[in-house]
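*Asks:*
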Amino acid sequence: MSEIRTHYRNCNICEAMCGLEIRHRDGEVLSIKPDRQDPFSLGHICPKAVALQDFHVDEDRIRTPLRRSAGGWQPIGWDEAFAEIGQRLRSIQQQHGVDSVGVYLGNPNAHNLGSALLLPRLQKVLGSRNRYSSASADQLPHHVAASQMFGAGLAIAVPDIDRTEFLLILGGNPVVSNGSLMTAPGMPRRLKAILARGGRVVVVDPRRTETARLASEHFAIRPEADALLLCALIRTLIDDGSVDFGNVAGMVDGYERLVEATAAFTPEHVAGAVGMAAADIRRLARDFAAAPSAVCYSRMGASTQSFGGLCQWLTLVLNIVSGNFDRPGGAMFPQPALDLLARAPRTDPATRQPPRSRVRGLPGHSGEFPVATLADEILTEGEGRIRGLLSIAGNPVLSAPGGARLDEAFSRLDFMVAVDIYLNETTRHAHIVLPAASGLEIAQYDVYFNSFAVRNVAKYSPPLFAPRGEQRSDGQILQGLIACLGGAADEAMPEALLDAALRSGPYKEQGLSLQMLLEHPHGIDLGALRPCARERLRTVDGRIRLAPELFLGDLPRLHASLTDAATPRDFPLRLIGRRLVWNHNTWTQNAHRLLKAAGPITVQVHPDDAQRLGIADGQMVTVRSRTGQLRLPAEYDSDIAPGVVSIAQGWGHDGPGIAMRRAAAQPGAGINSLTDTERIDPLTGNAAFNGTPVSIRAD
Ligand code: SF4
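When the letters of the sequence shown are read in order and numbered with my numbering, they come out as residues 1 to 699.
(1) Let me know the secondary structure DSSP gives Thr588 once reduced to three states.
(2) I need the straight-line Cα distance from Ser180 to Gly171, nearest angstrom please.
(3) Could you check if Met620 is buried or exposed, using at least 16 other CB atoms within 10 Å of its CB as the buried criterion?
(4) Contact defined as beta carbons within less than 8 Å: I believe Leu117 pairs with Val447. What is the distance between those atoms, to the nearest angstrom?
(5) Rounded to whole angstroms, what's the CA-CA distance from Arg90 to Leu485? Just pull it up for me.
(6) Look up Phe465 in the DSSP assignment and say whether it is helix, strand or coil.
(7) Once DSSP output is grouped into helix, strand and coil, what is the label at Leu514?
(8) Assuming Val371 contacts Pro355 (C-beta within less than 8 Å), just tell me the rounded distance between them.
(9) Could you please give the first and the last residue of the uninterrupted beta strand (DSSP E) stretch that includes Ile62?
(10) Name the DSSP beta bridge partners of Ala436, please?
(11) With a 10 Å radius around its C-beta and 16 neighbouring C-beta atoms as the bar for buried, classify Met1 as buried or exposed.
(12) Would Leu518 be called buried (16 or more neighbouring beta carbons within 10 Å of its own) or exposed?
(13) What do you reckon, are the CB atoms on Leu222 and Thr266 nearer than 8 Å?
(14) In terms of DSSP beta bridges, what is Lys192 paired with?
(15) Please tell me whether Gly469 and Pro494 are closer than 8 Å, where the distance is taken between their beta carbons.
(16) Leaving out five residues before and five after Val694 in sequence, what residues of the same chain have Cβ atoms less than 7 Å from its Cβ?
(17) Any heavy atom of ligand 1 closer than 7 Å to the CB of Met300?
(18) For Tyr445 and Asp226, what's the separation of their Cα atoms in angstroms?
(19) Just curious, the beta strand (DSSP E) that Cys311 is in, first and last residue?
(20) Could you work out which residue in Met516, Arg200, Gly71, Thr351 is closest to Glu549 when comparing CA atoms only?
(21) Contact defined as beta carbons within less than 8 Å: I believe Pro349 pairs with Thr539. What is the distance between those atoms, to the nearest angstrom?
(22) Among Leu168, Gly198, Ala215, which residue has its Cα nearest to the Cα of Pro188?
(23) Counting only runs that start and end within the stretch 567–653, where is the alpha helix (DSSP H) found for 4 or more residues in a row?
(24) Taking 5 Å as the limit, name every residue whose beta carbon sits nearer than that to some heavy atom of ligand 1, in sequence order.
(25) Answer yes or no: does any C-beta atom of chain D fall closer than 8 Å to that of Cys311?
(26) Within 10 angstroms of its Cβ, does Ala375 collect 16 or more other Cβ (buried), or is it exposed?
(27) For the stretch 349–397, list the beta strand (DSSP E) runs that are entirely contained and at least 3 residues long, ordered along the chain.
(28) Pick out whichever of His44, Arg207, Gly198, Leu389 has its Cα sitting closest to the Cα of His606.
(29) Closest to Ile392 by CA distance: which of Asp637, Asp654, Ala110 is it?
(30) Checking the sheet assignment: what are the DSSP bridge partners for Pro34?
(31) For Leu502, which residues in the same chain have their Cβ closer than 7 Å to its Cβ, ignoring the five residues on either side in sequence?
(32) Counting only runs of 3+ residues fully inside the stretch 59–135, write out the beta strand (DSSP E) ranges in chain order.
(33) Can you check which of these residues, His592, Gln476, Gly403, is closest to Ala669 by C-alpha distance?
(34) Just verifying my parser: in three-state terms, what is the DSSP assignment at Phe708?
(35) Just verifying my parser: in three-state terms, what is the DSSP assignment at Ser242?
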């Protein structure tokens with residue numbers, strides 16, 4: 001038996017980039033613990049990290065390329081797989097046009113070095129405009145707001161959480177999620193530190209979340225009223241004459257248009273719809289403005305709703321007009337070592353017209369169309385119909401709105417390729433499945449999450465273990481796909497691209513390179529965020545667009561919600577999602593440690609609502625929406641606002657033909673049986689999961 005060795009790497013399950021210390025021997029993990037020398041996570045991990053070993057040894061993982069046949073799945077070789085994929089996809093495109101092959105990208109691509117660096121090449125070689133991803137069921141409104149105001153969708157300003165004196169959170173639960181579009185491992189510690197230095201944390205959410213329990217104050221807002229509240233906060237600052245652009249004074253256009261457009265959104269006007277007293281809204285605005293530093297952060301609940309685009313725009317506006325943009329303790333741009341934003345061309349957002357999807361005419365943003373219309377584009381006949389699909393690391397049948405219709409759509413494709421680690425509800429429809437290495441089997445450098453991190457850091461880890469069976473890294477698979485589609489035979493692998501980027505990036509003066517990262521396995525601290533908007537803005541003139549017409553044009557719809565918000569009689573409750581600490585999206589449910597800890601998936605309902613409906617705590621109920629229904633136990637929860645119910649996202653692995661045995665044995669309930677492809681934010685096309693009207697009835 002060989003000696004015990006220690007390996008350091010970042011966890012790649014969620015966005016937090018927690019440093020891990022992994023002790024191993026002879027290809028076996030002995031322990032996964034927090035890396036206390038990691039300069040960013042400082043010894044924080046959550047319970048999910050230990051599951052990395054489960055994914056490595058999981059006997060349900062796909063080990064070899066597979067072809068679907070009448071007799072079931074048949075193992076095939078890589079060369080044969082690539083040859084067939086290239087021939088079939090190109091043949092579809094030659095017959096029906098380049099757009100007849102679509103691409104769907106799941107969330108794990110954002111955690112993967114190879115995907116981050118090589119997917120743009122694959123998309124270019126494929127040439128199709130039919131691109132979809134999990135972003136439009138999640139954070140697309142952030143990118144649209146950044147693109148319109150700062151010139152590039154990747155220009156994401158994050159809360160400088162370690163220096164702020166006032167953190168206002170709307171629709172986010174970072175104690176459980178550990179931050180999202182705000183990479184900040186150890187959120188409970190960071191939030192407590194704000195309070196310990198005399199600052200405040202205020203949470204606005206229909207549920208008194210785990211984060212709200214730590215906060216100085218919590219307001220139970222009505223679902224989908226966040227944009228109204230943000231307008232009223234901004235309006236208060238305008239009316240008080242306390243607007244101050246701070247560090248970006250002289251760089252902001254459109255203030256007069258903002259003043260005019262928000263005139264009707266006074267606290268008194270919106271209070272009823274928001275569910276907060278006008279006096280509380282004014283007090284919140286004034287406290288925010290008066291704090292030595294403050295930052296507003298709005299996330300999932302404020303993005304995946306009917307006004308997601310407005311929410312993200314208004315969040316940025318509040319930070320800017322309160323003088324909290326591009327300053328310590330406010331909203332700041334990270335400066336990552338591999339700097340994708342610096343490569344983005346300078347643009348004039350006002351001249352960009354979003355393309356429209358073929359069937360529903362939904363807007364395309366950030367180079368993709370909303371996943372809410374992917375099934376329409378496959379099922380609706382006509383020129384440009386999607387007949388072939390490449391799905392990489394995704395399970396939209398379980399995670400995108402209208403899962404049942406997507407399930408049907410995928411079954412009608414002429415040819416589908418999936419790159420994944422499991423046969424799941426989506427990949428089961430593929431004609432060829434390519435087995436990806438993952439987690440401990442691949443090199444780790446967080447291209448995207450360093451771009452959203454609350455501190456500038458860099459860390460690279462080589463693979464810990466060799467892939468099992470015939471698995472290949474995403475980088476290798478993408479190279480194979482590019483080549484089989486006739487792309488240039490570029491042998492540059494992700495490490496070479498990473499090294500070149502580091503050597504030419506913002507830390508080249510410090511000699512940053514791949515070799516330097518290899519010599520610092522705990523990671524390198526590159527310092528606190530610093531004001532840098534002048535360098536980071538990607539608008540042609542280097543100025544901030546405070547009031548883009550795209551958003552101003554959506555304000556009448558928001559105003560109409562003040563009077564149109566009648567609750568449908570058949571569906572009198574509003575559904576919101578929530579994340580559990582024990583799982584991440586849909587792919588972690590086959591890890592036995594996480595599954596065991598998660599417990600039953602319930603619908604949380606306020607006891608007053610439950611008793612009025614004759615529902616006992618723990619009783620099985622049926623939840624119905626316009627598009628579907630599901631059965632699950634009710635859970636009394638006085639932390640949830642009356643009129644609102646909540647179900648955890650990412651569950652429901654009970655479809656036919658999947659090979660995730662543990663997940664299927666304890667499937668829970670899949671929330672997207674209830675979600676509706678018609679419920680989108682029309683401005684961005686993002687799915688509006690939150691606020692779905694539902695009914696609940698005792699079985
Ligand atoms: S918070 Fe995220 S990155 Fe950190 S250990 Fe948990 S899953 Fe991994």
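Built from N, CA and C at the ideal position, the CB exists for glycine as well.
*Replies:* Result, derived from the coordinates:
(1) Thr588: coil per DSSP, three-state reduction.
(2) Inter-residue distance for Ser180 and Gly171 is about 11 Å (C-alpha atoms, whole angstroms).
(3) Result: exposed.
(4) At roughly 7 Å, the Cβ-Cβ gap stays under 8 Å, so Leu117 and Val447 are in contact.
(5) Spanning the alpha carbons of Arg90 and Leu485 requires a straight line of approximately 7 Å.
(6) Of the three classes helix, strand and coil, the one that applies to Phe465 here is coil, per DSSP.
(7) Leu514 falls in the helix class under three-state DSSP.
(8) Contact flag wrong, Cβ pair sits at about 16 Å.
(9) Neither: Ile62 is in no beta strand (DSSP E) and is coded neither H nor E.
(10) Looking at the DSSP assignment, Ala436 forms a beta bridge with Arg472.
(11) Of the other Cβ atoms in all chains shown, fewer than 16 fall within 10 Å of the Cβ of Met1; this residue is therefore exposed.
(12) Taking all protein chains in view, the Cβ of Leu518 is surrounded by fewer than 16 other Cβ atoms within 10 Å, so the residue is classified as exposed.
(13) The sequence as given places Arg at residue 222; Leu does not occur at that position. With contacts defined by Cβ atoms closer than 8 Å, Arg222 and Thr266 do not form a contacting pair.
(14) DSSP output for Lys192 lists no bridge partner at all.
(15) No Cβ-Cβ contact shorter than 8 Å links Gly469 with Pro494.
(16) Scanning its chain for C-beta atoms nearer than 7 Å, with the 5 sequence neighbours on each side dropped, one finds around Val694 the residues Phe571, Leu573, Leu575, Val623, Arg624, Ser625, Val645, Leu674, in chain order.
(17) Flag unset: Cβ of Met300 not near ligand 1.
(18) Cα to Cα, Tyr445 sits roughly 35 Å from Asp226.
(19) Per DSSP, Cys311 lies in no beta strand (DSSP E) segment; the continuous alpha helix (DSSP H) that holds it begins and ends at 308–321.
(20) For Glu549, the nearest C-alpha among the options comes from Thr351.
(21) That belief holds up - the Cβ atoms of Pro349 and Thr539 are roughly 7 Å apart, short of 8 Å.
(22) Considering only alpha carbons, the answer is Ala215.
(23) If we require 4 residues or more, the alpha helix (DSSP H) runs fully inside the stretch 567–653 come out as 592–598, 607–612.
(24) This selection yields Cys11, Ile13, Cys14, Ala16, Cys18, Ile45, Cys46, Lys48, Ala49, Asn178.
(25) Any reference to chain D falls outside this structure, which holds one protein chain only.
(26) So Ala375 counts as buried.
(27) Runs found: 388–392.
(28) Closest option to His606, Cα to Cα, is Arg207.
(29) Put simply, of Asp637, Asp654, Ala110 the residue whose alpha carbon is nearest the alpha carbon of Ile392 is Ala110.
(30) According to DSSP, Pro34 shares a beta bridge with Leu20.
(31) Excluding residues within five positions, the ones whose Cβ falls inside 7 Å are Ala337, Leu338, Leu512, Ser513, Leu514.
(32) Secondary structure remark: continuous beta strand (DSSP E) runs of at least 3 residues inside the stretch 59–135, in chain order: 66–69, 72–75, 101–105, 131–133.
(33) Minimum Cα-Cα distance from Ala669 among the listed residues His592, Gln476, Gly403 corresponds to Gly403.
(34) Since the first and last residues shown for the chain are 1 and 699, residue 708 lies out of range.
(35) Ser242: coil per DSSP, three-state reduction.
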